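First the structure, in the form of structure tokens, and then the observations on it.
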Amino acid sequence: MTNSDSHPLLAHLLEAADGRFPDIDGGVTVLPPFEGGLECSFAFTGHAFVVTRLPAEEVLAQGPDGFGLSLAPDFLRHLAGPGGWIGVTDASLVARGSGTPDTAGRLAERHDVDDHPRVRHARSVRNDVRVYGDERGFVTVGRGLAGRREVGIALDEEAGQKAGRGIGRSLLLDALTLVPEGEPVFAAVSPGNARSLRAFLAVGFTPIGSEVLLRPLP
1 MTNSDSHPLL AHLLEAADGR FPDIDGGVTV LPPFEGGLEC SFAFTGHAFV VTRLPAEEVL
61 AQGPDGFGLS LAPDFLRHLA GPGGWIGVTD ASLVARGSGT PDTAGRLAER HDVDDHPRVR
121 HARSVRNDVR VYGDERGFVT VGRGLAGRRE VGIALDEEAG QKAGRGIGRS LLLDALTLVP
181 EGEPVFAAVS PGNARSLRAF LAVGFTPIGS EVLLRPLP
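Just so we're aligned, residue 1 is where the sequence shown starts under this note's numbering, counting upward by one.
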């Protein structure tokens with residue numbers, strides 16, 4: 001898990017949330033690994049950050065760049081090593097919480113979905129994960145990449161069959177009330193999951209980059 005609030009990647013993520021991005025220089029910055037064994041490759045426009053246990057010289061010798069090659073399959077396999085886990089490429093999005101003393105907590109905490117694959121995955125890559133929701137589905141809120149606050153969403157099966165009626169958007173809007181007003185909250189969404197991506201964009205999430213999580217074997 002990635003529970004270090006002092007990891008240097010966090011500062012760049014928070015700056016991006018404020019609209020300040022790294023220089024578009026095609027470069028790659030190599031950073032030390034997170035606690036707990038997770039690593040990642042994160043690409044902003046024109047500059048990438050690689051979080052890895054490997055020496056910077058070895059990483060850069062593989063030829064990554066800030067224009068897409070930091071997410072190339074062969075490069076990611078080198079980072080993960082033989083048998084290491086490589087996650088999917090996700091779009092990285094950010095929004096602001098809307099919770100206030102009067103509105104925080106529109107969603108009740110749920111304990112009936114602890115065995116759901118989305119919850120298990122969230123708890124494998126994030127810390128302090130809590131689950132909230134109602135008949136529409138549930139959201140997970142926890143501390144993920146570099147210690148950033150992250151949210152994920154899953155519609156219940158019946159609600160999912162009614163997708164396109166704004167159910168996902170309404171659940172996300174209520175999820176933002178769980179985060180104090182003005183604080184950044186991040187989400188990682190597969191670009192191929194267009195329905196989910198449209199829902200996040202519709203409630204104010206903004207793309208800032210793309211990311212892949214990695215877990216090399218010990």
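Cβ coordinates follow ideal geometry from the N, Cα and C atoms, glycine included. Since the model is a prediction, treat every value here as computed from it, not as a measurement.
Using CA atoms only, rank isn't needed, just tell me which of the options is closest to residue i.
i           : options               : result
residue 35  : 124, 46 and 185       : 124
residue 33  : 63, 80 and 15         : 80
residue 136 : 122, 218, 110 and 10  : 110
residue 173 : 142, 133, 148 and 156 : 133
residue 129 : 22, 102 and 178       : 178
residue 121 : 106, 144 and 206      : 144
residue 204 : 217, 194, 149 and 93  : 93
residue 25  : 46, 189 and 91        : 46
residue 54  : 206, 74 and 78        : 78
By how many angstroms is the C-alpha of residue j removed from the C-alpha of residue i?
i           : j           : result
residue 170 : residue 117 : 22 Å
residue 85  : residue 76  : 10 Å
residue 108 : residue 28  : 42 Å
residue 69  : residue 52  : 16 Å
residue 58  : residue 64  : 11 Å
residue 88  : residue 181 : 30 Å
residue 95  : residue 23  : 22 Å
residue 193 : residue 199 : 10 Å
residue 187 : residue 74  : 26 Å
residue 17  : residue 138 : 25 Å
residue 19  : residue 106 : 29 Å
residue 127 : residue 165 : 32 Å
residue 102 : residue 153 : 23 Å
residue 157 : residue 56  : 45 Å
Would you mind sorting residue i into buried or exposed? The rule is 16 or more other CB atoms within 10 Å of its CB.
i           : result
residue 61  : exposed
residue 140 : buried
residue 82  : exposed
residue 210 : buried
residue 114 : exposed
residue 151 : buried
residue 142 : buried
residue 41  : buried
residue 202 : exposed
Round the Cβ separation of residue i and residue j to the nearest angstrom and send it over; I've been treating them as touching at under 8 Å.
i           : j           : result
residue 31  : residue 212 : That pair is no contact at about 15 Å.
residue 49  : residue 7   : Wrong, their Cβ atoms sit about 10 Å apart, outside the cutoff.
residue 185 : residue 66  : Actually they are not in contact, since the Cβ atoms of residue 185 and residue 66 sit about 26 Å apart, beyond 8 Å.
residue 197 : residue 43  : The Cβ separation is near 17 Å, so there is no contact.
residue 37  : residue 215 : 6 Å
residue 155 : residue 167 : 6 Å
*asked:* For a minimum of 4 consecutive residues, which ranges assigned as the alpha helix (DSSP H) are wholly contained in the stretch 77-130?
replied: 117-125
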